[in-house]
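Visitor:
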Amino acid sequence: MTAVRGDGGLATRIEELLGSRHSVAAAALISPGGVTVASRGADLDADFEIGSISKAVTGLLYADALERGEIRRDSTLGELLPLGDVPAAQVTLASLSQHRSGLPGLPRSARPLRRKFALWRHGTNPYGENLQQLLTQARKVRVGRPRARYSNFGFELLGHALASAAGRSYAQLVHQRIVGPLRLDHVYLPATADQLGPNALIGRSRRGRPRQPWTGEAIGPAGGIRASIQDMARLVAALLDGSAPGITALDPLAPFGKGARIGAGWITIAVKGRQTAWHNGGTGGFRSWAGLNRDTGTGAVILSATSASVDRCGLSLLTEHTHTVLNS
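Residue 1 is where the sequence shown starts when you use the UniProt record's numbering, and the numbers rise one by one after that.
#1: Mind pulling the alpha helix (DSSP H) runs of 4 or more residues that sit fully within the segment 22–93?
#2: List, from N- to C-terminal side, the beta strand (DSSP E) runs of 3 residues or more that fit wholly inside the segment 258–291.
#3: Under DSSP, the alpha helix (DSSP H) around Ala11 begins and ends at which residues?
#4: Just checking my contact of Leu77 with Gly246 at CB under 8 Å: how many whole Å lie between their CB atoms?
#5: For Asp47, is the classification buried or exposed, using 16 other Cβ atoms within 10 angstroms of its Cβ as the cut-off for buried?
#6: Which whole-angstrom value is the C-beta distance of Val236 and Ala193, which I expect to be below 8 Å?
#7: Taking Asp231 and His175 to be in contact with their CB atoms under 8 Å, please state how far apart those CB atoms are, rounded to whole angstroms.
#8: Mark Gln98 as exposed unless 16 or more other C-beta atoms lie within 10 angstroms of its C-beta, in which case mark it buried.
#9: Just verifying my parser: in three-state terms, what is the DSSP assignment at Pro252?
#10: Does DSSP put Leu189 in a helix, in a strand, or in coil?
#11: Could you say if the segment 209–226 and the segment 70–84 meet the contact criterion of at least three C-beta pairs nearer than 8 Å?
#12: Pull up the distance between the alpha-carbon of Arg240 and that of Ile30, whole angstroms please.
#13: Looking at the structure shown, is Arg115 part of a helix, part of a strand, or coil, going by DSSP?
#14: Tell me where the alpha helix (DSSP H) around Ile178 begins and ends.
#15: Ignore the nearest five residues each way along the sequence and tell me which others in Leu189's own chain have a CB closer than 6 Å to its CB.
#16: CA-CA distance, Phe155 and Glu67?
#17: Determine contact between the segment 299–314 and the segment 84–93, defined as no fewer than three beta-carbon pairs at a distance below 8 Å.
#18: Asn152 to Gly105, Cα distance in whole Å?
#19: Do Ser39 and His165 count as a contact pair if the criterion is CB distance below 9 Å?
#20: What residue range does the alpha helix (DSSP H) around Ile229 cover?
#21: Thinking just about the alpha-carbon of each residue, which of Arg234, Pro198, Thr298, Leu173 is nearest to the one in Glu70?
#22: What are the boundary residues of the beta strand (DSSP E) that includes Gly299?
#23: Excluding the 5 residues preceding and the 5 following Gln212 in the sequence, name in chain order all residues of the same chain whose CB lies nearer than 6 Å to its CB.
#24: By alpha-carbon positions, which one of Leu253, Arg72, Gly208, Leu103 ends up nearest to Phe286?
#25: Looking at Ala218: is its Cβ nearer than 9 Å to the Cβ of Glu320?
#26: What first and last residue would you give for the alpha helix (DSSP H) that runs through Glu320?
#27: Hey, is the segment 5–23 in contact with the segment 305–315, meaning 3+ C-beta pairs nearer than 8 Å?
#28: Among the candidates Leu292, Gly9, Trp214, whose CA atom is the shortest distance from the CA of Gln195?
#29: Check the C-beta distance from Gln137 over to Ser109 and give it rounded, since I have them as a contact under 8 Å.
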C-alpha cells in the first residue's frame, strides 16, 4: 500500500485523478481560507523537478527586475551577456519573456535530436551545460522571424541575463528574491547531480524506468528548479495574496496559440468564464502543473515523479476546488 501524507481527502482525489501510474505524487489546493497539501509515496518535504514551471519563476524575476529598474522591456541580450556582435545580441528581453524572440527551442549546435534519443534510450540528462557553453551556443545560433514559438533556449538566456543585470548568478537571484522572502525551504537549483538534496526524488519514465536528474547551470531558468509540494503551495498562495515579487508577470499581453495568451512566462486561458493563469513542466522523469484563478483566490498544484502528463488532472483539480470554494 502506498504511504499517504497530509490531507486524506486530497490524497484520495490524487489517486482518482492520476491513477496507479503516478505512484509518487503530491498535490496542493490553495484558497483564501488556507492551504491543503497531500502526497502519496513521498514525504511532504520531498523535492520534485518542476521542469518548465521554472520558466514561470523566471517570468516573476523578469517582472520584478522591470519594477526595480534593473532592465527595460527593450533591453537586449547583448547589453547584459558577453555575446559580441552576433544576431542573438539584438534579441530583447520582452520578446524572450513571451516566447516571441525568433530563437529556436534548442540551437542546432546543441544537437537536439541526439539528446532526445539519448534521453529516450538511456534516460540521460539532456541539459548539462554550464553558462559559458550556453553563451557559445548563443553566439552561433540563427535568429528567425519573431513569432510565438516556445523556446527553452530563449528562457535559459533570459534568466541568465536577468541575473547579470542584478550582479548575481541565476541560482543566487532565485534564492535572494523568491526563496528567501517567501521562506521556501525546499526550493533549489542543483548544477550537478551531487548537489541534490537529501529529499530529492528519483524520477521515472512512463514504464517505470529511473531517469537521470536534469541538472546543469544553463538549464536553471528554463527547467532546473526543484521544489517540494509545500513550497509550491506557498508560492501560489503568495501570488494570490500579492506578496510574491513580480506578479505582473501573470498579466496576459500577447496571443499564444488557440484560446491562450501569455504574459512573462505565464499562460492564461479561459475556463468556464474565469481567467486561469498556469504553467506546466516535464523532464525525463517528472511532470508538474500549477495554476490559479486570481479573481476567486484559488489555486492548485500537482507534482509527479513519473513522466506522464498531469495537465488535465491539474486543471480538473483547480476547477473542482474553485467550484467548492465558491459554493461553500
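Ideal placement from N, C-alpha and C gives every residue a C-beta, glycine not left out.
Guide: Concretely, from the data shown:
#1: Counting only unbroken stretches of 4 or more residues, the alpha helix (DSSP H) elements lying wholly within the segment 22–93 are 53–68, 77–80, in sequence order.
#2: With a minimum length of 3 residues, the continuous beta strand (DSSP E) runs that stay inside the segment 258–291 are 260–262, 267–271, 274–282.
#3: What you label residue 11 is simply residue 11 of the sequence shown in a count that begins at 1. Its alpha helix (DSSP H) spans residues 8–18.
#4: Numbered from 1 along the sequence shown, position 77 holds the residue referred to as residue 77. Numbered from 1 along the sequence shown, position 246 holds the residue referred to as residue 246. Between Leu77 and Gly246 a beta carbon distance of about 20 Å is seen, past the 8 Å cut, so the two are scored as non-contacting.
#5: Translated into the one-based positions of the sequence shown, residue 47 becomes position 47. By the 10 Å Cβ count, Asp47 comes out buried.
#6: The sequence position of residue 236 within the sequence shown is 236, counting from 1. The sequence position of residue 193 within the sequence shown is 193, counting from 1. About 28 Å separates the beta carbons of Val236 and Ala193, which is beyond the 8 Å limit, so they are not a contact pair.
#7: One-based indexing of the sequence shown puts residue 231 at position 231. One-based indexing of the sequence shown puts residue 175 at position 175. Actually they do not touch by this definition, with Cβ atoms about 12 Å apart.
#8: As a position in the sequence shown, residue 98 is number 98, starting the count at 1. Classification for Gln98: buried.
#9: Translated into the one-based positions of the sequence shown, residue 252 becomes position 252. In the structure shown, Pro252 sits in coil (DSSP, three-state: anything other than H, G, I, E or B).
#10: Along the sequence shown, one-based indexing puts residue 189 at 189. Correct three-state label for Leu189: coil.
#11: The answer is no - the segment 70–84 does not touch the segment 209–226, with fewer than three Cβ pairs under 8 Å.
#12: Looking up residue 240 in the sequence shown gives position 240. Looking up residue 30 in the sequence shown gives position 30. What sits at residue 240 in the sequence shown is Leu, not Arg. Their Cα atoms are separated by approximately 9 Å.
#13: Position 115 of the sequence shown holds residue 115. Looking at Arg115 - three-state DSSP - the assignment turns out to be helix.
#14: Walking along the sequence shown from the start, residue 178 turns up at place 178. Looking at the DSSP string, Ile178 is not in any alpha helix (DSSP H), and its letter there is neither H nor E.
#15: Reading the sequence shown from its first residue, position 189 is the one you call residue 189. So the qualifying residues of the chain are Ala171, Gly220, Gly224, Ile225.
#16: Taking the first residue of the sequence shown as position 1, residue 155 is located at position 155. Taking the first residue of the sequence shown as position 1, residue 67 is located at position 67. One C-alpha to the other measures close to 19 Å.
#17: No, they do not touch.
#18: As a working mapping, residue 152 is identified with position 152 in the sequence shown. As a working mapping, residue 105 is identified with position 105 in the sequence shown. So the two alpha carbons sit approximately 5 Å from each other.
#19: Locating residue 165 in the sequence shown gives position 165, where the first residue counts as 1. Locating residue 39 in the sequence shown gives position 39, where the first residue counts as 1. This sequence places Ala at residue 165; His is not what is there. No. Outside cutoff.
#20: Position 229 of the sequence shown, counted from the start, is the residue given in the question as residue 229. First-last of the alpha helix (DSSP H) with Ile229: 229–241.
#21: For this step, residue 70 is matched to residue 70 along the sequence shown. Considering only Arg234, Pro198, Thr298, Leu173, the residue with the shortest C-alpha distance to Glu70 is Leu173.
#22: For the purposes of this step, residue 299 is identified with residue 299 of the sequence shown, where counting begins at 1. For Gly299, the enclosing beta strand (DSSP E) covers residues 298–304.
#23: For the purposes of this step, residue 212 is taken as residue 212 along the sequence shown, with counting starting at 1. Close CB contacts of Gln212 within its chain, under the 6 Å cut and outside five residues either way in sequence, are with Gly123, Thr124, Asn125 (chain order).
#24: For the purposes of this step, residue 286 is identified with residue 286 of the sequence shown, where counting begins at 1. Nearest C-alpha to Phe286: Gly208.
#25: Numbered from 1 along the sequence shown, position 218 holds the residue referred to as residue 218. Numbered from 1 along the sequence shown, position 320 holds the residue referred to as residue 320. No, Cβ-Cβ distance for Ala218 and Glu320 is not below 9 Å.
#26: For the purposes of this step, residue 320 is taken as residue 320 along the sequence shown, with counting starting at 1. 311–326 is the span of the alpha helix (DSSP H), which, as asked, contains Glu320.
#27: Proximity of the segment 5–23 to the segment 305–315 meets the contact definition, three or more beta-carbon pairs being nearer than 8 Å.
#28: Sequence index remark: in the sequence shown, residue 195 carries index 195 (1-based). Taking only the C-alpha atoms, the option nearest Gln195 is Trp214.
#29: On the sequence shown, residue 137 is found 137 positions in, with the first residue counted as 1. On the sequence shown, residue 109 is found 109 positions in, with the first residue counted as 1. The pair is a contact, with the Cβ atoms about 5 Å apart (cut-off 8 Å).
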